[in-house]
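Comments concern the structure below.
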Amino acid sequence: MSDIQTYLKGIIRDVPDFPKPGILFKDIAPVLQSGEALRRVIDHLADHYRDQQIDRIVGIESRGFIFGTPLAYALGTGIALVRKPGKLPWKTASVSYALEYGTDTLQIHTDAVEPGQRVLIVDDLLATGGTASATMQLVQGLGAEVVGCAFVVELGFLQGRARLGGVDVHAILEY
Ligand code: AMP
C-alpha cells in the first residue's frame, strides 16, 4: 500500500449495521475533520487529474460535493451538482435507477454541463456503481463526455467499476 492508502485506512471509520443491518458503513467524517487528511486527499486527486484537461467536475449529492468542490478549485474548473429530486430550482434532466428494493432518481440542471465538455464525476465512495452510472447517463444525456470517475474509497468486492462502461475509474483506496 502507498503512504496515503495506509494513512487513510487508519482514519476512515467502520460503522457496522449502518444505515441498516448487514451494511458496513465507511465513515469519511474523520477525514473531513482532519486538516492534514483533507489536504492529502485533495492534493492526491488534483495530482492525478491535473493533466487530463478536465473542463468541469460533476459532484454527486452530498459527499461528492464536499470532495468535488476543493478539487474543482485546485484544477481551476467549476463544479455542477447532481441532486436528489426536488432540490434543483431550474430546468432539470432526470434519471431513475434500480436499488436493491425499489428505485431512486437523480437530477441535474440542463445547463450544468455543455456538449463536448470533458467531465470528471466525483463521489466519496463507489459501492455497486448504481449512483455513478446514473450520473454518467445524466452527463452523457446532455452531450458531455465523461472522462473519469473519482472516489476516495472503492468497495471492490461489489464490482461497481463494471457498471461504469469502461470509463477510467480512480479510487484512492480499495476495500
Ligand atoms: P452505489 O450506488 O451502490 O455505488 O452507492 C454509492 C453511494 O452510496 C455513495 O454516494 C456512498 O456515499 C454511499 N454508500 C454506499 N455504500 C456505502 C458504504 N458501505 N459506506 C459508506 N457509504 C456508502
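In the working numbering, the protein residues as written are 36 to 210.
In this text, a Cβ means the ideal position worked out from N, Cα and C, and glycines have one as well.
These numbers were taken from a predicted model, which means no experiment stands behind them.
| request: List the DSSP bridge partners of His83. | output: DSSP lists no partner for His83.
| Would you call the CB atoms of Ile92 and Gly103 closer than 7 Å? | Yes, the Cβ-Cβ distance between Ile92 and Gly103 is below 7 Å.
| said: Would Pro120 and Thr140 be called neighbours here (beta carbons separated by less than 7 Å)? | reply: Contact: yes.
| said: Any contact between the region 119-134 and the region 188-199? By contact I mean 3 or more CB pairs, one from each, below 8 Å. | reply: Touching, no, given that fewer than three Cβ pairs across the two stretches are closer than 8 Å.
| Helix, strand or coil at Asp146 according to DSSP, with G and I counted as helix | In the three-state DSSP reduction, Asp146 falls in the coil class, being neither helix nor strand.
| field | Extent of the continuous alpha helix (DSSP H) run through Val99 | value | Rather than Val, the amino acid found at residue 99 in this sequence is Gly. First-last of the alpha helix (DSSP H) with Gly99: Arg98 to Leu110.
| query | Start and end of the alpha helix (DSSP H) containing Lys44? | reply | Residue range Asp38 to Lys44 is occupied by the alpha helix (DSSP H) that includes Lys44.
| query | By DSSP, does Ser131 sit in helix, in strand, or in coil? | reply | Ser131: strand per DSSP, three-state reduction.
| query | At a cut of 8 Å, does the region 158-169 reach the region 178-190 through at least three beta carbon pairs? | reply | Yes, they touch.
| message | Assuming Ala115 is part of the beta strand (DSSP E), what are its boundary residues? | response | Taken as a continuous stretch (DSSP letters only), the beta strand (DSSP E) holding Ala115 covers Gly113 to Arg118.
| field | 6 Å CB neighbourhood of Gly178 in its chain, flanking five on each side removed | value | Pro150.
| said: Tell me which residue opens and which closes the alpha helix (DSSP H) that Val202 is part of. | reply: That residue, Val202, is in no alpha helix (DSSP H); it is neither H nor E in DSSP.
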